[in-house]
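Take a look at the structure below.
Protein chains in written order, with our numbering: chain A, 1 to 213; chain B, 214 to 904.
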């Protein structure tokens, strides 16, 4: 069981790096969708027996992150008629290196953070933190609105992994609420990006600076 | 309990009354009428509550069921600190009376202030916040818990901000709003510190008198004077006051000046009542601060040419007088001289009422002028008494009252203070008596100086605005205001006269409040025993009779003079004759024009010049060229010494360096996410290092 879990988490980490290194937004959406679907399986593996909350969390995560959200995003990507992130703040290769470095540092230092001993796998905490960091890197370095949405998704995936530690402590309602928030948020952003695109003929969030005051 | 229920009903009526204005279309007058009806109802309910509180014991069986207990309430609430603890005591009641009366009258006045057409957006902001302002002031006064007090205090400050800046089209209004906002929050910060310290000292936020001496009593007192002084407008802390009052709608200025400033006074009195043992320097501090505030306030008032600014400075002066009364009372408590307490605090509380009455009347009346003339510059006004005699008469009553001339209420209040200050001359106290007595004696002189300067200031104001002939076309636009504006003013003027002629009516509740502040006062002592006031009624009658005779004489004289002039004009009417032939006292001017009149600035110039070392007037004149200069300029203004000469330069200096920090605000989400990331990592590292 734990081997399977660790393998899954490693795949998640690798997918992180893929997401960082790909300039085609469609591919990044697919990568994040696969990541989300894989994460949906984790609740079933963390504990010895399959409980109802874990099952519901798994189904909801796979349904939303693996299918619904990517579908919405691909739709809005088609409507927006853009293909790739043209000039990220940090280049693709440097951002892969940055992500890899962050992952390495987190893996090195996660033992010092404590709490790892109680977890089913000692990979959960480092995987979650490094996924969060990758989410941050995506958010900071990409300028297209859709790429930023992907950054938020990866960020949430990291939080979701962390939540696996606590799936019995955190009420199911909270977890579901989180997912619902995410879903609605992305739904809204996708609609808005469409409208922004129509109104300003650009999806570059740098153009939105004039709203700062 | 019934009294408290009525007070709560009043608070609810005030707070909710303005809300319909937000919803109902501003094209109809329904919203504003509803708001006025609600606040009138609130005012009446509140005053009824106070009446029940005052006469409750004698009202008989009808209320016994409803009363059922003391006028206090203590409920737990969800907040982690404090509790919802309210109570009504004589001190609160004295301050509550103007809180209920003045806003109610002001909302009636507001009905006539602007027409529906002029209103539009302003009402949506003004009505709700005006109501909330009144409600929160009442809540401040009944709160007996530090946390509840602070909440109510902050709501009051914010409501006043929104109400005062509701006409926010002008830059000047917005600037005044900013200065107010900053000043009030610095004050609130001091109060936060004070209540936290109080909590640390006594173990709870409950505002109950402490037993014995508190270790940090001195710091508490200083924080209270600073925090509440910002609201009241004690002299170096008054910076927000002139501009905010000048730029607010007139009923808001009236409520702010007449009522809200007094809540600062209430705060100081309340905090002092919590610490029954006071060292001598507390009283001396307040006495000196009061004298400085009074003299400087009225001196700045003389230099202003903006009517409402001038009235605002005069409010500062009156706060000074009240602070002097409080100082005397504190000295009395230190020296165990109950007559100082009775006269000092009695005078202070009496003056709180008086100032609420005549200053709101002055602001309402000046609002009538300013609204019609569309200018606040008194050098552009003039001759309004002929166009709006009722308005002029009401303004005159209030001016006389504020100058403390008998038989009006201002006199009765200051008379008590004079008597009290003179009583400090017989040095009989212990300890602090020897130091405090000379201070108090000097304070009497300061009070006299304030009084004489006030007379000069208001002669100048009344003369420049109401007498003479109009100095500009704007002054000619002034007309008698509508009945909705005149009725509240007439009620206020009548109250001024009533309290002046029968001051003993006011002294009954005020004495109860003084007793609740200093419970050690012996039972037999009363203000009426030490300060004879029986003669105010006969004096008032005599003065009224004299005034009436004078008025009749003037009228018949004028009629005769006009008849003579008419016959002379008829006899000299010849082709080519100069119309308006020079009279006997025209100093040889054949064609006098309104611009040759003394202006307010020229009237005040001598005093401003005399006090130049305090006022630092600005201005100058061009050098006249030739024997018959075609044009010549002269400018004079008195900017606020603290705000414009001390604070603004510092702020501007900072303003030229601090924008560099704005680099961090790029408006790009990425940067903000980066900041979040940096902070998160820093926290992680920090917690890791800690572990």
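We treat Cβ as the ideally placed atom computed from N, Cα and C, and that holds for glycine.
All of these numbers come straight from a predicted model, not from anything done at the bench.
Bridge partner(s) assigned by DSSP for residue 519 of chain B: Translated into positions along the second chain, residue 519 of chain B becomes position 306. In DSSP, residue 519 of chain B forms a bridge with B:590.
Starting from residue 288 of chain B and walking both ways along the beta strand (DSSP E), at which residues does that stretch end? Locating residue 288 of chain B in the second chain gives position 75, where the first residue counts as 1. Taken as a continuous stretch (DSSP letters only), the beta strand (DSSP E) holding residue 288 of chain B covers 285 to 288.
I'd like to know if residue 136 of chain A contacts chain B, where contact means its C-beta is closer than 7 Å to some C-beta of that chain. For the purposes of this step, residue 136 of chain A is taken as residue 136 along the first chain, with counting starting at 1. Residue 136 of chain A counts as touching chain B.
Residue-level contact to chain A via CB, residue 887 of chain B, 7 Å cutoff: Against the second chain, residue 887 of chain B aligns to sequence position 674. For residue 887 of chain B, the answer is yes, since a Cβ of chain A falls inside 7 Å of its Cβ.
Please list the terminal residues of the continuous alpha helix (DSSP H) segment that includes residue 819 of chain B. Here the question's residue 819 of chain B lines up with position 606 in the second chain. Note, residue 819 of chain B: alpha helix (DSSP H), 813 to 823.
Residue 34 of chain A to residue 378 of chain B, Cα distance in whole Å? Taking the first chain and counting its residues from 1, the one referred to as residue 34 of chain A is at position 34. Taking the second chain and counting its residues from 1, the one referred to as residue 378 of chain B is at position 165. So the alpha carbons of these two residues sit roughly 56 Å apart.
With a cut-off of 7 Å, does the C-beta of residue 883 of chain B fall near any C-beta of chain A? Here the question's residue 883 of chain B lines up with position 670 in the second chain. Chain A, which has a Cβ nearer than 7 Å to the Cβ of residue 883 of chain B, makes this yes.
Environment of residue 251 of chain B [buried if 16+ CB atoms lie within 10 Å]: Within the second chain, the letter at position 38 stands for residue 251 of chain B. Looking at its Cβ environment, which holds 16 or more other Cβ atoms inside 10 Å, residue 251 of chain B is buried.
Taking Cβ positions, are residue 72 of chain A and residue 190 of chain A nearer each other than 7 Å? The count along the first chain starts at 1 and reaches residue 72 of chain A at position 72. The count along the first chain starts at 1 and reaches residue 190 of chain A at position 190. Yes, these two residues count as a Cβ contact at 7 Å.
Buried or exposed for residue 470 of chain B, please, with buried defined as at least 16 other CB atoms from any protein chain shown within 10 angstroms of its CB. On the second chain, position 257 is the one that residue 470 of chain B refers to. Looking at its Cβ environment, which holds 16 or more other Cβ atoms inside 10 Å, residue 470 of chain B is buried.
How many angstroms separate the CA atom of residue 594 of chain B from the CA atom of residue 502 of chain B? As a first step, residue 594 of chain B is located in the second chain; it is residue number 381 there, counting from the start. As a first step, residue 502 of chain B is located in the second chain; it is residue number 289 there, counting from the start. For residue 594 of chain B and residue 502 of chain B, the distance between alpha carbons rounds to 35 Å.
Exposed unless 16 or more other CB atoms sit within 10 angstroms - verdict on residue 236 of chain B: Along the second chain, read from residue 1 onward, the residue named residue 236 of chain B stands at position 23. When all chains shown are included, residue 236 of chain B counts as exposed.
For chain A, check one thing: does any of its Cβ atoms lie closer than 7 Å to the Cβ of residue 338 of chain B? What you label residue 338 of chain B is simply residue 125 of the second chain in a count that begins at 1. No, its Cβ sits nowhere closer than 7 Å to a Cβ of chain A.
Within 10 Å of its beta-carbon, does residue 747 of chain B have 16 or more other beta-carbons around it, so buried, or fewer, so exposed? Within the second chain, residue 747 of chain B is the residue found at index 534, counting from 1. Label assigned to residue 747 of chain B: exposed.
Would you say residue 896 of chain B reaches chain A, if we count a Cβ-Cβ gap shorter than 7 Å as a contact? The count along the second chain starts at 1 and reaches residue 896 of chain B at position 683. No, its Cβ sits nowhere closer than 7 Å to a Cβ of chain A.
How far does the beta strand (DSSP E) with residue 163 of chain A in it extend, from its first residue to its last? For the purposes of this step, residue 163 of chain A is taken as the residue at position 163 of the first chain. Careful: residue 163 of chain A lies outside any beta strand (DSSP E), inside the alpha helix (DSSP H) at 145 to 165.
Quick check: is the beta carbon of residue 140 of chain A nearer than 7 Å to any beta carbon in chain B? Mapped onto the first chain, residue 140 of chain A falls at position 140. Yes, residue 140 of chain A lies at the interface with chain B (some Cβ there is under 7 Å from its Cβ).
Should residue 890 of chain B be flagged as near chain A, meaning a C-beta pair shorter than 7 Å? Within the second chain, the letter at position 677 stands for residue 890 of chain B. At least one CB atom of chain A sits nearer than 7 Å to the CB of residue 890 of chain B.
Considering only the beta carbon of each residue, do residue 570 of chain B and residue 553 of chain B sit closer than 7 Å? Counting from one through the second chain, the residue named residue 570 of chain B turns up at place 357. Counting from one through the second chain, the residue named residue 553 of chain B turns up at place 340. Contact: no.
So, with DSSP's three-state summary, where would you put residue 848 of chain B? Counted from its first residue, the second chain places residue 848 of chain B at position 635. Strand, per DSSP.
Could you tell me whether the region 444 to 458 of chain B touches the region 389 to 407 of chain B, where touching means 3 or more Cβ pairs closer than 8 Å? Yes, the region 444 to 458 of chain B is in contact with the region 389 to 407 of chain B.
Between the CA atoms of residue 612 of chain B and residue 790 of chain B - distance to the nearest angstrom: In the second chain, residue 790 of chain B corresponds to position 577, counting from 1. In the second chain, residue 612 of chain B corresponds to position 399, counting from 1. With a pLDDT of only 42 at residue 790 of chain B, under 50, the local geometry of the prediction cannot be trusted, and no value is derived from it.
Classification of residue 800 of chain B by the beta-carbon crowding that lies within 10 angstroms, buried from 16 upward: For the purposes of this step, residue 800 of chain B is taken as residue 587 along the second chain, with counting starting at 1. The residue is exposed, with fewer than 16 neighbouring Cβ atoms inside 10 Å.
Interface residues of chain B facing residue 17 of chain A [CB-CB closer than 8 Å]: Here residue 17 of chain A corresponds to residue number 17 of the first chain, with the count starting at 1. What residue 17 of chain A touches in chain B: nothing, since even the nearest Cβ is about 18 Å away.
Hey, out of B:752, B:900, B:717, whose CA is closest to residue 741 of chain B's CA? Residue mapping note: residue 741 of chain B aligns to position 528 of the second chain, counting from 1. Cα-wise, what sits closest to residue 741 of chain B is B:717.
Put residue 215 of chain B into one of helix, strand or coil per three-state DSSP. The residue labelled residue 215 of chain B in the question sits at position 2 within the second chain. Note: residue 215 of chain B maps to helix in three-state DSSP.
Does the Cβ-Cβ distance between residue 441 of chain B and residue 495 of chain B come in under 7 Å? Counted from its first residue, the second chain places residue 441 of chain B at position 228. Counted from its first residue, the second chain places residue 495 of chain B at position 282. Not in contact: residue 441 of chain B and residue 495 of chain B (Cβ atoms no closer than 7 Å).
What in chain C is Cβ-close to residue 39 of chain A, meaning under 8 Å? The structure shown contains no chain C; its protein chains are A and B.
Start and end residues, alpha helix (DSSP H) containing residue 135 of chain A: As a working note, residue 135 of chain A is residue 135 in the first chain. Residue 135 of chain A -> alpha helix (DSSP H) spans 124 to 141.
Since residue 573 of chain B and residue 315 of chain B should fall inside the 8 Å C-beta cutoff, what is the C-beta to C-beta distance between them, to a whole number of angstroms? Walking along the second chain from the start, residue 573 of chain B turns up at place 360. Walking along the second chain from the start, residue 315 of chain B turns up at place 102. Residue 573 of chain B to residue 315 of chain B, Cβ: 5 Å. Contact.
Closer than 8 Å, Cβ to Cβ, to anything on chain B: give me those residues from the region 81 to 93 of chain A, in chain order. Residues of the region 81 to 93 of chain A whose Cβ lies closer than 8 Å to any Cβ of chain B, in chain order: 89.
Whole angstroms are fine: how far does the CA of residue 474 of chain B sit from the CA of residue 193 of chain A? As a working mapping, residue 193 of chain A is identified with position 193 in the first chain. As a working mapping, residue 474 of chain B is identified with position 261 in the second chain. Cα to Cα, residue 193 of chain A sits roughly 52 Å from residue 474 of chain B.
Could you tell me the distance, in whole angstroms, from the CA atom of residue 756 of chain B to the CA atom of residue 620 of chain B? Position 543 of the second chain, counted from the first residue, corresponds to residue 756 of chain B. Position 407 of the second chain, counted from the first residue, corresponds to residue 620 of chain B. The alpha-carbon atoms of residue 756 of chain B and residue 620 of chain B are separated by roughly 7 Å.
With burial defined as no fewer than 16 other Cβ atoms inside 10 Å of the residue's Cβ, what is the status of residue 859 of chain B: buried or exposed? Residue 859 of chain B sits at position 646 when you count from the first residue of the second chain. So residue 859 of chain B ends up on the exposed side.
Look up residue 691 of chain B in the DSSP assignment and give the residues it is bridged to. Taking the second chain and counting its residues from 1, the one referred to as residue 691 of chain B is at position 478. None, per the DSSP bridge assignment.
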